[in-house]
Amino acid sequence: MDILLQGGRVINPATNYDCDTSVLIRDGKIADIGSDIEAPGAECIDCSGRIVAPGLIDMHVHFREPGQEAKEDFLSGSKAAAAGGYTTVATMPNTSPAVDNAALVRSLKKRAHDIGLCNIEVIGALTKGRQGKELAEVGDMTEAGAVAFSDDGNFVDSARVMLNALDYLRAFDKTIICHEEETSLVEEGAMNEGHRSAMLGIKGRPTVAEDIAVARDILLAEYADARVHIAHISSARSVELVREAKRRGIRVTAEATPHHLTMTDDVVDYTDSATKVNPPLRSKKDTEAVLQGLLDGTIDAIVTDHSPHAEEEKDREYIYAPSGFPGLETAVGVLMSELVQKGRLSIDTMISKMTKEPARILGLDAGDISIGKKADVVVIDPHLDWTVDASKFYTRGSHSPFVGRKLTGKSVLTIYNGRIVMRDGVVTV
Amino acid sequence: MAKNTTSLRGKDVLGLKDFSKEEIRLVLDTAKGMKDIIHRDIKKVPALRGKSIVTLFYEPSTRTRTSFETAGKYLGADVVNVTAGTSSIIKGESLRDTLYTLQVMGFDAIVMRHKAEGAAAYAAKVADPVIINAGDGAHAHPSQGLLNLFTIEEHKGHLEGLKAAIIGDISHSRVARSDIQGMRKMGIEVHLAGPKTLLPRYLFEEPGIFVHDRIEEAIKDADVINVLRIQLERQKSGLFPSMREYARIFGLNEKRLTLAKDDVLILHPGPMNKGLEISPYVAYGSNSAIQEQVQNGVAVRMALLALTLTGGND
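These protein sequence lines map, in sequence, to chains A and B. Here the first sequence is numbered in our numbering, starting from 2 and rising by one per residue. Here the second sequence is numbered in our numbering, starting from 419 and rising by one per residue.
Structure representation (structure tokens):
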């Protein structure tokens with residue numbers, strides 16, 4: 002059935018479009034955009050006061066397949082994506098086993114297609130078994146549909162391996178997504194190194210660990226004239242390094258998370274591992290710098306680093322609990338409440354960094370709702386007040402530092418491939 | 419002196435950060451009376467008769483565990499000991515489930531030592547009995563901080579205005595962190611020193627805490643020196659070059675001791691590495707209160723158990 006999204010504020014950063022108008026969806030495509038569309042028989046959805054935008058893209062999620070389905074699987078992850086307004090996600094390969102060969106990439110693509118709630122792109126492991134030693138078969142994986150490569154979760158310790166990877170990947174024009182923490186400086190660390198870690202006695206993960214890693218990979222990208230993408234940037238100095246690299250014309254892109262944009266290590270409660278994440282929540286100075294980087298274009302994309310874990314894994318001693326928490330279902334609310342409504346980030350920029358920019362980095366035909374494009378659309382209600390309640394999550398992960406937070410702004414309708422997959426917070430498939 | 423109306427009944431003892439000056443004062447005053455009990459011929463009072471206490475130790479300990487057990491027994495409580503190596507913990511039982519098990523058996527207090535910072539606070543969140551932190555990683559060891567204050571006050575007659583030096587491995591030391599919290603609350607100026615590799619960054623962003631690169635600067639004119647234990651594996655992980663060099667440059671010996679006040683009080687949480695962080699001459703010398711600390715530890719733990727389990731008035 003045709004869908005007419007009537008009278009919303011349509012924001013399409015791919016074409017610099019921002020108008021109050023209507024959008025007609027027919028046969029899985031954007032059929033028309035305009036204020037006087039005649040569409041007899043179409044389902045009319047009143048979008049007045051709401052934002053109509055391309056379905057969101059998260060280029061950094063962990064859906065845990067294969068092997069860690071107690072944490073999340075493609076179905077629960079897809080539902081979380083739909084609930085959050087995302088129509089495209091890219092899954093990280095730090096699974097068990099790692100996604101480091103074409104057969105696995107193909108099987109995951111097929112599985113995503115069968116579920117059909119959102120487009121799941123697959124990021125392949127950069128090295129075999131994510132061991133940082135030998136290159137994985139990135140050429141095969143590219144042909145099987147992998148969109149980027151990453152040993153996310155690990156820093157590629159060997160500069161030689163990283164340089165080889167950059168050189169070798171030039172043939173495939175895929176970016177390497179880099180988890181930037183120099184291993185020897187973060188071993189055993191469970192939170193940001195700062196006053197709070199010093200007082201708690203918890204071993205820290207210093208910002209300099211990230212800065213060294215970012216600097217090395219920028220230098221290698223420059224040397225190899227290749228592309229790197231800095232994952233979940235969190236340190237002020239790292240933002241400066243990327244800014245300077247871009248100024249020099251080095252092909253570097255970067256992403257940041259809602260938590261690194263809005264939370265500091267002041268919130269770390271060592272009886273609740275919900276705040277444990279890598280890189281860790283940093284200082285106020287760092288969150289401010291990450292936001293500045295987002296605003297001035299140093300940071301290209303907003304990602305959630307959606308990292309659910311099983312209840313029994315997170316409900317334990319802080320330093321023993323795994324790092325990461327889910328983010329797909331809270332991102333829009335957090336960004337709208339903490340940044341957009343406080344006048345620190347425009348809604349257009351926010352949407353651009355969650356649609357057009359990640360599509361550009363991964364080379365996806367997505368994140369654009371021009372006429373004729375695939376109908377992946379989100380409708381956001383910027384005024385909806387809600388409270389984050391883990392029992393209502395679709396993800397299997399329940400330990401989030403945003404639980405209990407009162408937010409304003411939420412995705413209320415998700416259309417994937419011309420079909421409604423979420424309406425008023427309820428995944429409809 | 420005005421009567422202290424503070425009550426610790428039902429309070430979890432997680433760290434001295436959560437203690438007010440008045441609460442610390444109450445523990446120290448109560449411990450004085452408890453120390454008399456230790457010197458009696460019949461060391462048993464019925465203050466905690468009918469109460470049951472379990473010590474739950476995930477890390478080895480001689481003095482702290484024995485001290486809590488003895489403290490409970492002198493007060494008439496039933497005390498049971500659980501250690502990681504001989505319990506379901508080695509079968510992989512979670513901390514939550516172990517705590518639930520002890521809770522439903524009816525224990526009134528769980529005295530807990532654990533490798534993980536925050537484990538005691540986590541326990542307090544999930545379990546009902548009074549939780550007494552007997553050391554959680556490098557975070558806190560509140561009863562040690564209190565017994566140090568008790569020992570200092572016994573010798574100096576007061577706490578306010580004293581200058582204390584804490585020297586050695588601050589990074590890995592729960593004792594140092596509890597000392598810092600307790601001493602600052604009671605008006606003692608704290609000077610920290612040790613190799614920079616064993617001093618955490620950012621610890622010293624608070625008033626009354628000073629950090630020095632060399633121990634000579636820290637112990638100058640000190641009223642109290644707390645010498646921390648150097649764990650032998652720290653050298654292996656590259657934090658200082660050799661035991662020999664540590665002893666020579668950062669160890670407390672008789673020559674360095676002359677920099678402090680004549681009546682300086684020497685503390686050490688034990689177990690000591692004599693000849694490494696402290697010379698035998700200093701450890702057994704006339705300024706040393708290291709043996710007294712052990713006895714005072716029993717008195718302070720008696721006070722903590724009595725105050726948290728009964729309010730101290732029963």
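No residue lacks a Cβ here, since even glycine has one placed at the ideal position from N, Cα and C.
When beta bridges are read from the DSSP output, Pro55 (chain A) appears opposite A:Val378. Residues of chain A whose Cβ lies closer than 8 Å to the Cβ of Glu623 (chain B) are, in chain order, His196. In the three-state scheme derived from DSSP, where H, G and I count as helix and E and B as strand, Met93 (chain A) is classed as coil. Residues are counted here when their Cβ sits less than 9 Å from a Cβ of chain B; for the segment 384-415 of chain A the count is zero. Interface annotation, Arg238 (chain A): not in contact with chain B, CB-CB separation never under 8 Å. A check of alpha carbon separations from Val498 (chain B) across B:Gly524, B:Met601 and B:Thr423 identifies B:Gly524 as the nearest.
A contact between stretches requires three or more CB pairs, one per stretch, nearer than 8 Å, and the segment 363-380 of chain A fails this requirement with the segment 309-324 of chain A. Under a criterion of Cβ atoms nearer than 7 Å, no residue of chain A is adjacent to His630 (chain B); the nearest Cβ is some 16 Å distant.
Rounded to the nearest angstrom, the Cβ distance from Leu493 (chain B) to Val463 (chain B) is 6 Å, consistent with a contact under 8 Å. Residue-level contact check: Ser706 (chain B) does not touch chain A, since none of the beta carbons of chain A fall below 8 Å from its beta carbon. Take the alpha-carbon of Ile696 (chain B) and the one of Ile637 (chain B): they are about 14 Å apart. Along the segment 547-572 of chain B, going in chain order, the ones with a CB nearer than 7 Å to a CB of chain A are Gly555, Ala556 and His557. The three-state reading of DSSP puts Ala534 (chain B) in coil, since its state is none of H, G, I, E or B. Excluding sequence positions up to five before and after Gly419 (chain A), its CB lies within less than 7 Å of the CB of Ile26, Asp28, Gly29, Lys30 and Ala376, all in the same chain and listed in chain order. Residues of chain A whose Cβ lies closer than 8 Å to the Cβ of Tyr518 (chain B) do not exist, since the nearest Cβ in that chain is about 12 Å away.
The shortest C-alpha to C-alpha distance from Pro207 (chain A) to any of A:Glu182, A:Leu201, A:Gly68 and A:Glu241 is the one to A:Glu182. For Thr519 (chain B), the secondary structure class from DSSP, reduced to helix, strand or coil, is helix.
Under the three-state reduction of DSSP, His233 (chain A) is assigned to coil, being neither helix nor strand. Along the segment 206-268 of chain A, the beta strand (DSSP E) occurs as fully enclosed runs of 3 or more residues at 229-231 and 253-257, listed in sequence order. Between Arg719 (chain B) and Phe475 (chain B), the C-beta gap is not smaller than 8 Å, which leaves the two residues out of contact. With distances taken between CA atoms, Pro560 (chain B) lies nearest to B:Ile442 out of B:Pro659, B:Ile442, B:Arg652 and B:Ala611. Within the model, the alpha-carbon separation for Arg481 (chain B) versus Lys533 (chain B) is close to 17 Å. In this structure the segment 671-687 of chain B touches the segment 633-650 of chain B; the number of beta carbon pairs closer than 8 Å is three or more.
Contact residues of the segment 266-294 of chain A toward chain B are Tyr271 and Thr272 (C-beta to C-beta distance below 7 Å). For Arg252 (chain A), there are no neighbours in chain B by C-beta distance under 8 Å, as the nearest C-beta there is about 35 Å away. Taking 8 Å as the CB threshold, Asp212 (chain A) stays off the interface with chain B. Within its own chain, the residues whose Cβ lies closer than 6 Å to the Cβ of Asp158 (chain A), once the five positions on either side in sequence are excluded, are Gly133 and Thr184, listed in chain order. DSSP, read as helix, strand or coil, puts Gln653 (chain B) in helix. In summary, the residues of the segment 173-204 of chain A whose CB is separated from some CB of chain B by less than 9 Å are Ala191, Glu194, Gly195, His196, Arg197, Ser198, Ala199, Met200, Leu201, Gly202, Ile203 and Lys204, in the order they occur in the chain. Against Gly536 (chain B), the close residues of chain A are Leu201, Ile203, Tyr271, Thr272, Glu318, Tyr319 and Ile320, in the order they occur along the chain (beta-carbon pairs closer than 8 Å). Bridge pairing for Gln7 (chain A): A:Asp47 [DSSP]. In the three-state reduction of the DSSP assignment, Gly503 (chain B) falls in the helix class, which pools H, G and I. Contacts with chain B at 8 Å (Cβ-Cβ) do not include Glu256 (chain A). From the beta-carbon of Glu313 (chain A), the residues of chain B found nearer than 8 Å are Ser512. Chain A has no Cβ within less than 8 Å of the Cβ of Ala717 (chain B). For the 8 Å CB-CB criterion, Gly536 (chain B) and Arg592 (chain B) do not form a contact.
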